[in-house]
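Asks: The structure's right below; bear with me while I get my questions together.
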Amino acid sequence: MAEQSLKLAVFDMDGLIFDSERMFMEKLDIVMAKAGYVLTLESYLELLGMNEDSCERVMKKHYGEDYPYRTLSDAARTLFNEDAEKNGLPVKRGIPELLEYLNGRGVKCAVASSTAAKYVKHYLELSGLDKYFYTVVGGDMVQKSKPAPDIFLKACELSGAKPDEAVVFEDSENGIRAAHNGNIPVIWIPDMKDNDPDVVSLCAAEADDGFCAVKLIGRLFPDK
């Protein structure tokens, strides 16, 4: 892998760029409680890395077919957006420095998130990180969600890079599997969940944060 030229770095968003998974969980917990449901950590962790359709299937599996997924998800998203507009989104440690490093090397950066593209773009603009990214792929732009590789392959296509010329930064099991299924090396930066050792074994490396990822990229993809 070290002999490959790095042309593209693909970032997940929630839990990777922003410390937003906990924030959305808090909002979802509020709206579910008002509707008479109790959000469990187990059910929420299962949602990580999935698009809307997949999330709906998971929540109905846990809470029954009558669970009003769209209504409650939209209500939670509204609360989340209000909080983000007022207070901003917390950026994960070392991510701006990692983006600056990659841009300085001439490596294109893309976001491939299960969140809808319009929200991804808005959150990047709110944080001032949009300037670093060449393209954005949202979960609404592909038919199959992670762990299918479609979203990462779409990012490669839009950026003009081959999978073996790219690297993915992910925090979720579904995201790691998606990158692996697309034959794209993946670096795991943990967030809310410790992944299964079998999943971790699919990663090229693990980094505690963006600062560590800078050092890893320097070793895995030496600047030529």
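As numbered in my numbering, residues 3 to 226 make up the sequence shown, in order. Even glycine gets a Cβ: it sits at the ideal position worked out from N, Cα and C. These figures come from a predicted structure and were not determined experimentally.
Could you check what DSSP says for Glu208 in three-state terms: helix, strand or coil?
Replies: Reduced to three states, the DSSP call for Glu208 is strand.
Asks: Going residue by residue through the region 94-120, where are the continuous beta strand (DSSP E) segments of at least 3 residues, counting only ones entirely within it?
Replies: Listed in chain order, the complete beta strand (DSSP E) runs (minimum 3 residues) inside the region 94-120 are 110-115.
Asks: Threshold first: 4 residues or longer. Then list the alpha helix (DSSP H) segments lying entirely within the region 155-194, N to C.
Replies: Counting whole runs of 4 or more residues, the region 155-194 contains the alpha helix (DSSP H) stretches 175-183.
Asks: Please work out which residues of its chain come closer than 7 Å, Cβ to Cβ, to Arg72, disregarding the five sequence neighbours upstream and downstream, and give them in chain order.
Replies: So no residue of the chain qualifies.
Asks: Taking the alpha-carbon of Ser7 as reference, which of Pro187, Asp210, Ala207 and Pro151 has the nearest alpha-carbon?
Replies: It is Pro187 whose Cα lies nearest to the Cα of Ser7.
Asks: Quick one: any contact between the region 99-106 and the region 211-220, if contact means 3 or more CB pairs under 8 Å?
Replies: With the cut-off at 8 Å, the region 99-106 and the region 211-220 touch.
Asks: For Gly141, which three-state DSSP category applies?
Replies: Correct three-state label for Gly141: helix.
Asks: Run the CB neighbour count on Asn176, radius 10 Å, all protein chains shown included, and call it buried at 16 or more, exposed below.
Replies: Answer is buried; the Cβ neighbour count reaches 16.
Asks: Considering only DSSP beta bridges, list what Leu10 is partnered with.
Replies: Answer is Lys110 and Ala168.
Asks: By a C-beta neighbour count over all protein chains shown, 10 Å radius and 16 as the cutoff for buried, is Ser203 buried or exposed?
Replies: It counts as exposed.
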